[in-house]
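Novice: Just so you know, our numbering puts the end of the sequence shown at 602, numbered straight through with nothing missing. Glycine included, every Cβ here is placed at the ideal spot set by N, Cα and C. Can you read through this structure? Questions will come right after.
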Amino acid sequence: MADRLYDRYMNASSAWRAHSKGCTVCRPEQCCPTGAVLAARFADLQDAYLRRLRHGGTP
Ligand SMILES: [Zn+2]
Numbered sequence: 544m545a546d547r548l549y550d551r552y553m554n555a556s557s558a559w560r561a562h563s564k565g566c567t568v569c570r571p572e573q574c575c576p577t578g579a580v581l582a583a584r585f586a587d588l589q590d591a592y593l594r595r596l597r598h599g600g601t602p
């Protein structure tokens with residue numbers, strides 16, 4: 544049941560996780576510039592994905 548939004552959401556999630564695991568600068572309160580970009584992208588996609596789930600429709 545993968546679709547493009549879900550794929551992007553998962554990609555952003557794993558990119559963010561992989562970065563924060565290897566990054567010595569990123570912390571929950573403070574991200575490095577790269578981490579901040581990845582975290583923002585992940586948050587946006589998560590928001591879009593969850594909003595779509597809640598409305599039960601397809602974008
Ligand atoms: Zn980082």
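#1: Within the same chain, show all residues whose beta-carbon is closer than 7 angstroms to that of A582, passing over the 5 residues directly before and after it, in chain order.
#2: Return helix, strand or coil for P576, following the three-state DSSP convention.
#3: Just checking V580 against ligand 1 - is the residue's beta carbon closer than 7 angstroms to any of the ligand's heavy atoms?
#4: Which same chain residues end up closer than 7 angstroms to Q589 when comparing Cβ atoms and leaving out the 5 residues on each side of it in sequence?
#5: For M544, which three-state DSSP category applies?
Specialist: Inspection of the coordinates gives the following:
#1: W559, C574
#2: helix
#3: no
#4: Y552
#5: Summary for M544: the model assigns pLDDT 49, below 50, so the residue's position carries little reliability; its value from the coordinates is reported in the next sentence. Coil, per DSSP.
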